[in-house]
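Notes follow once the structure below has been shown.
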Amino acid sequence: MRTNSSYIFILFLFLIGCSRSPQKGVYLGQADSTNYFELKNNNSFFFSDNGNNVVGKYEEDAKTLTLVFEDGHAKRYEAKDNIFLDEQGRKWVFWSGGETGLSYEKMVRARIITQKNKNDIIDVLNLLGSNAFAYRKRPVYYAGGQNSYIGYSIPRSLAENSTAKFFCLIKSDSVQFIASSILKPENAIEVSLDKDGKLSNWVYYGEFK
């Protein structure tokens with residue numbers, strides 16, 4: 002069960018303008034309609050066409066994207082700079098996390114960057130878990146918590162870097178860490194540290210889901 006602080010953090014993201022729906026894949030849409038499709042990492046897609054929602058598998062190469070629907074028929078899209086053209090000549094534009102104008106190459110690169118950003122943040126959160134637990138185990142006369150996390154704060158050198166900003170909520174027997182990506186603040190991770198120094202209850206937001 003999530004703590005109240007989890008909901009406070011979600012509200013915080015909303016208030017700073019990061020309340021867009023979580024991005025599970027890469028989306029393409031038509032500028033003049035609500036039609037769109039979502040490309041997922043397992044090569045499946047979700048297609049919304051004038052209110053009719055269908056699914057299938059997609060195939061891709063350097064110049065062409067092909068959606069193969071469950072009934073076997075296919076739609077093909079030709080890559081042209083920052084857009085895709087379907088067989089009727091209509092333009093479909095990449096967007097992910099609210100951004101537009103991504104080329105096919107940039108979209109693939111964006112996936113890699115997002116995953117690296119997530120991995121880097123997880124590495125720092127693991128480091129913070131060890132740092133906080135070491136504080137808990139130290140006696141008071143060695144600037145420790147003496148079996149309590151009360152008084153712990155994230156070291157200034159770890160509170161912010163090129164990857165993310167890090168925050169914590171302290172209780173006697175637990176610490177809740179929250180990390181918000183520098184690249185996209187709506188991409189965030191929340192995790193709890195227990196009294197035995199174990200990180201658990203990992204929650205991922207935005208494109209980190």
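For the sequence shown, the working numbering begins at 2 and goes up steadily by one.
The beta-carbon is built from N, C-alpha and C at its ideal position, and this holds for glycine as well.
Less than 8 Å between C-beta atoms, sequence neighbours within five positions excluded: which residues of the same chain meet that for residue i?
i	result
Leu126	Phe167, Phe178, Ala180, Ile190, Val192, Leu200
Gly1	Past the edges of the chain, shown from 2 to 210, lies residue 1, and the structure says nothing about it.
Asp195	Asp174, Ser175, Ser201
If you compare alpha carbons, which of the options is closest to residue i?
i	options	result
Asp174	Ser158, Glu208, Asn162, Lys138	Lys138
Asp62	Glu187, Tyr78, Leu128	Tyr78
Lys119	Lys81, Val141, Pro186, Asp197	Pro186
Leu184	Asn162, Lys81, Asn132	Asn162
Trp203	Ile122, Glu88, Asn132, Tyr136	Ile122
Lys81	Val141, Gln89, Gly146, Val94	Val94
Leu129	Asn188, Gly198, Asn53	Gly198
Arg157	Lys64, Ile113, Val69, Asn132	Asn132
Glu88	Thr65, Gly73, Glu71, Asp72	Thr65
Asn148	Ala160, Ile155, Phe134	Phe134
Asn42	Leu86, Ile113, Gly73	Ile113
Gly73	Val55, Gly90, Leu86	Val55
Look at residue i and residue j and say whether their C-beta atoms are less than 9 Å apart.
i	j	result
Thr115	Phe209	yes
Phe47	Glu60	no
Tyr150	Lys117	no
Ala165	Ser182	yes
Between which residues of its own chain and residue i is the CB-CB distance below 6 Å, once the five residues before and five after are set aside?
i	result
Asp50	Asn36
Lys92	Ile84
Tyr143	none
Lys76	Leu68
Ala160	Phe167
Leu86	Glu79
Asp124	none
With a CB to CB cut of under 7 Å and the five nearest residues on each side skipped, what residues in its chain are close to residue i?
i	result
Tyr205	Ile190
Gly152	Gly146
- Go through the region 103-186 residue by residue and report every complete run of the beta strand (DSSP E) that reaches 3 residues or more, in order. Entirely contained in the region 103-186, the beta strand (DSSP E) runs reaching 3 residues are, in chain order, 165-172, 175-182.
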